[in-house]
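Worksheet: one structure, shown below.
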Amino acid sequence: MALAEAERRARAEKNARLKYLRTHSSWLVLDPDALFREEIDCSALFSELPMPKMGPS
Numbered sequence: 024m025a026l027a028e029a030e031r032r033a034r035a036e037k038n039a040r041l042k043y044l045r046t047h048s049s050w051l052v053l054d055p056d057a058l059f060r061e062e063i064d065c066s067a068l069f070s071e072l073p074m075p076k077m078g079p080s
């Protein structure tokens, strides 16, 4: 029972974060002439995703 509750809570928290992201990113506009030179790492938006290690291990 506790596992099912934890999974339900995790789904609810993830959905809340996605809703927040969609709400606050609605002002973004696609610019077909934009030059993208860097990759944007959005993993920090999702706390359950581990951050990649930087530099030599």
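Following this note's numbering, the numbering of the sequence shown begins with 24 at its first residue and continues without gaps. Think of the CB as a built atom: it goes at the ideal place given N, C-alpha and C, for glycine as much as any other residue. Quantities reported herein were computed from a predicted structural model and do not represent experimental measurements.
Between the C-alpha atoms of P55 and E61 there is a straight-line separation of about 16 Å. S48 is the residue among R31, L53 and S48 whose C-alpha sits nearest the C-alpha of C65. Pairing L68 with R34 gives a Cβ-Cβ distance that is not under 8 Å. For E30, the enclosing alpha helix (DSSP H) has its first and last residue at A25 to H47.
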